[in-house]
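Residue numbers (this note's numbering): 643 to 747.
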């Protein structure tokens, strides 16, 4: 990367942290897409080696911490909004319904 871009040596640590954080988010999103693709019955992407794919399938099926996080996320995404609908988005700490009620009153 330093062949294409240049930065002052004193900010090397900050540059690395920023790039690593961005890469982490991109990989997390990509793996989420891969998992959705698998659940839809499609073949694995070509950039994942067959041995790694098998390890991922085993991990998704057996890892207790992954299952726990997955179940919590599923529950949160389906959380009820006072019996009206699933709570999908929020405008900060107050829900959209909460903002609407405050505007009416």
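All C-beta atoms, glycine included, are put in the ideal place defined by N, C-alpha and C.
Note that the structure is predicted; figures quoted are calculated from it, not measured.
#### Entry: C-alpha gap between residue 720 and residue 689, whole angstroms
32 Å
### Message
Which of the three DSSP states is assigned to residue 736 in this structure?
### Response
strand
### Query
Measuring CB to CB, does residue 687 end up less than 8 Å from residue 676?
yes
### Backbone CA spacing between residue 705 and residue 674 [nearest angstrom]
16 Å
### Query
What is the rounded straight-line gap between the Cα of residue 651 and the Cα of residue 681?
45 Å
### Query
Terminal residues of the continuous alpha helix (DSSP H) containing residue 692?
692-704
### Message
By the three-class DSSP mapping on this structure, what secondary structure does residue 683 have?
### Response
coil
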